[in-house]
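A.B. asks: Have a look at this one before I ask anything.
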Amino acid sequence: MNWGSFANFIDMGGRGFYVWGSYLITLVCIVLELGLLARHKRTLWQRLTQIIKLNKQG
Amino acid sequence: MSINWFKYSSPATFYPLAGKLIPWFYGLAAMLTIAGLYISFFVAPTDATQGESYRIIFIHVPAAWMSMFIYLVMAMWAGLGLVMNTRLSSIMAQALAPTGAMFTFVALITGAFWGKPTWGTWWEWDARMTSELILLFLYIGYMSLTAAIDDVRRADKAGAILALVGAVNVPIIYFSVKWWNTLHQGASVSLTRAPSMAKTMLLGMLIMAIAAWMYSIAVALSRARLLMLEREKSTVWAQEVLEQKP
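Sequence order for the protein chains is D and V. Each residue of the first sequence is one higher than the last, beginning at 1 in the working numbering. Each residue of the second sequence is one higher than the last, beginning at 1001 in the working numbering.
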């Protein structure tokens, strides 16, 4: 597949909005899922290590 | 040689093993995505009837496959947890749900972005689209139900029943294009006949599908580890994990 120019590649034969829109939304969904997972990990670890610390202090 | 599979179903063994495997699955997902996108945009030709808008297929179809497949795997784990009462099974079911919901959402939204230039509409109450939307509601229902019940065992049981009953919807989605002759086109790829698309298009789609698999495994394992740690926080192995700061 030879697009000829970068502008043609972005244009996607006039369907650029639909093609790139789909890929962009998918990217946002994946980034969001990974971000939420990372946040879940951080808060869980903070909470659980805090409990251990408090238990040690008696 | 016999492998003691039950050993791996114990969270104490599974937790470090999953930790070692996760980076590999993320790595494979990234490499396959790059290869898949390259084929999708630089190797696969322009479609004779749809022009360039068909390139949405490279995310739409893998996402739709994953949405159905993850649901079945989730229902299987949930059912196993219900019958065998194994700790890991219910955790796996809950770990898969958000990823399945994400892929269902992606399948629906990319379908809308494909439908507009091809059919002239973002949405139609067509059999396949409607049943896929129901799948999204099933995922959301499962997640809300398991999150709403404080007692973990009761939450697992209630969630499992919902997941199992909802599994009926998956064959409905899959066969909807055969059973009802509505807007959505038939399957482009089936096991019983030759695919109705160019070889490079099919290759790009399959590579993207395997990438989606690898991603799903990586994310589900990561989430399973967190659920495991939370549920088993007072056990010796979890205390040991928590003592060694990440």
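All C-beta atoms, glycine included, are put in the ideal place defined by N, C-alpha and C.
Assess contact between the region 1179 to 1186 of chain V and the region 1123 to 1136 of chain V, defined as three or more Cβ pairs (one per stretch) separated by less than 8 angstroms. Is contact present?
C.D. replies: yes
A.B. asks: With a CB to CB cut of under 8 angstroms and the five nearest residues on each side skipped, what residues in its chain are close to ILE1140 of chain V?
C.D. replies: Position 140 of the second sequence holds residue 1140 of chain V. Once the five neighbours on either side are set aside, the close Cβ partners of ILE1140 of chain V are ALA1101.
A.B. asks: Which residues, in order along the region 1090 to 1104 of chain V, keep a beta-carbon less than 8 angstroms from a beta-carbon of chain D?
C.D. replies: For the region 1090 to 1104 of chain V, the set of positions with a beta-carbon nearer than 8 angstroms to some beta-carbon of chain D reads PRO1098, THR1099 and MET1102 in chain order.
A.B. asks: Which one or two residues does DSSP pair with ASP1047 of chain V in a beta bridge?
C.D. replies: To locate residue 1047 of chain V, count along the second sequence from 1; it is residue 47. Its beta-bridge partners are V:GLY1051.
A.B. asks: Whole angstroms are fine: how far does the CA of LYS56 of chain D sit from the CA of LEU27 of chain D?
C.D. replies: Numbered from its first residue, the first sequence carries residue 27 of chain D at position 27. Numbered from its first residue, the first sequence carries residue 56 of chain D at position 56. Roughly 44 angstroms between the two C-alpha positions.
A.B. asks: State whether the region 1153 to 1162 of chain V contacts the region 1075 to 1083 of chain V, with contact taken as three or more CB pairs (one from each stretch) at a distance under 8 angstroms.
C.D. replies: yes
A.B. asks: If you check the beta carbons only, do ALA1238 of chain V and LEU1229 of chain V fall under 7 angstroms apart?
C.D. replies: Working through the second sequence from its first residue, we reach residue 1238 of chain V at position 238. Working through the second sequence from its first residue, we reach residue 1229 of chain V at position 229. Yes, the pair counts as a contact, with Cβ atoms nearer than the cut-off.
A.B. asks: Are the CB atoms of ALA1095 of chain V and ARG1223 of chain V nearer to each other than 7 angstroms?
C.D. replies: Translated into positions along the second sequence, residue 1095 of chain V becomes position 95. Translated into positions along the second sequence, residue 1223 of chain V becomes position 223. Yes.
A.B. asks: Can you say whether TRP1024 of chain V is buried or exposed, counting buried as having 16 or more other CB atoms within 10 angstroms of its CB?
C.D. replies: Residue mapping note: residue 1024 of chain V aligns to position 24 of the second sequence, counting from 1. Exposed is the call here.
A.B. asks: Hey, quick one: how far does the alpha helix (DSSP H) through HIS1060 of chain V stretch, first residue to last?
C.D. replies: For the purposes of this step, residue 1060 of chain V is identified with residue 60 of the second sequence, where counting begins at 1. Per DSSP, HIS1060 of chain V belongs to the alpha helix (DSSP H) from 1057 to 1084.
A.B. asks: Count the CB pairs spanning the region 1062 to 1071 of chain V and the region 1107 to 1126 of chain V that are closer than 8 angstroms, and state whether there are at least three.
C.D. replies: The answer is yes - the region 1107 to 1126 of chain V touches the region 1062 to 1071 of chain V, with three or more Cβ pairs under 8 angstroms.
A.B. asks: Is there a Cβ of chain V sitting closer than 7 angstroms to that of LYS41 of chain D, yes or no?
C.D. replies: Here residue 41 of chain D refers to the residue found at position 41 when the first sequence is read from its first residue. Yes, because at least one Cβ of chain V sits closer than 7 angstroms to the Cβ of LYS41 of chain D.
A.B. asks: Is GLU1232 of chain V helix, strand or coil when you go by DSSP?
C.D. replies: For the purposes of this step, residue 1232 of chain V is taken as the residue at position 232 of the second sequence. Three-state result, GLU1232 of chain V: coil.
A.B. asks: Decide if LEU1138 of chain V is buried, meaning its Cβ has at least 16 other Cβ atoms within 10 Å, or exposed.
C.D. replies: Along the second sequence, one-based indexing puts residue 1138 of chain V at 138. With 16 or more Cβ atoms within 10 Å of its Cβ, LEU1138 of chain V is classed as buried.
A.B. asks: Should the region 30 to 42 of chain D be regarded as contacting the region 1038 to 1058 of chain V, the criterion being three or more beta carbon pairs within less than 8 angstroms?
C.D. replies: no
A.B. asks: Does ILE25 of chain D come within less than 7 angstroms of chain V when only Cβ atoms are used?
C.D. replies: Translated into the one-based positions of the first sequence, residue 25 of chain D becomes position 25. Closer than 7 angstroms to some Cβ of chain V, the Cβ of ILE25 of chain D qualifies, so yes.
A.B. asks: By the three-class DSSP mapping on this structure, what secondary structure does ASN8 of chain D have?
C.D. replies: Here the question's residue 8 of chain D lines up with position 8 in the first sequence. Helix.
A.B. asks: Within a Cβ cutoff of 7 angstroms, which residues of the same chain sit near LEU1136 of chain V, ignoring the five residues on either side of it in sequence?
C.D. replies: One-based indexing of the second sequence puts residue 1136 of chain V at position 136. Answer for LEU1136 of chain V: ALA1101, THR1104, PHE1105 and LEU1108, listed in chain order.
A.B. asks: Any idea what DSSP makes of ASN2 of chain D, helix, strand or coil?
C.D. replies: Translated into the one-based positions of the first sequence, residue 2 of chain D becomes position 2. DSSP places ASN2 of chain D in coil when its eight states are reduced to three.
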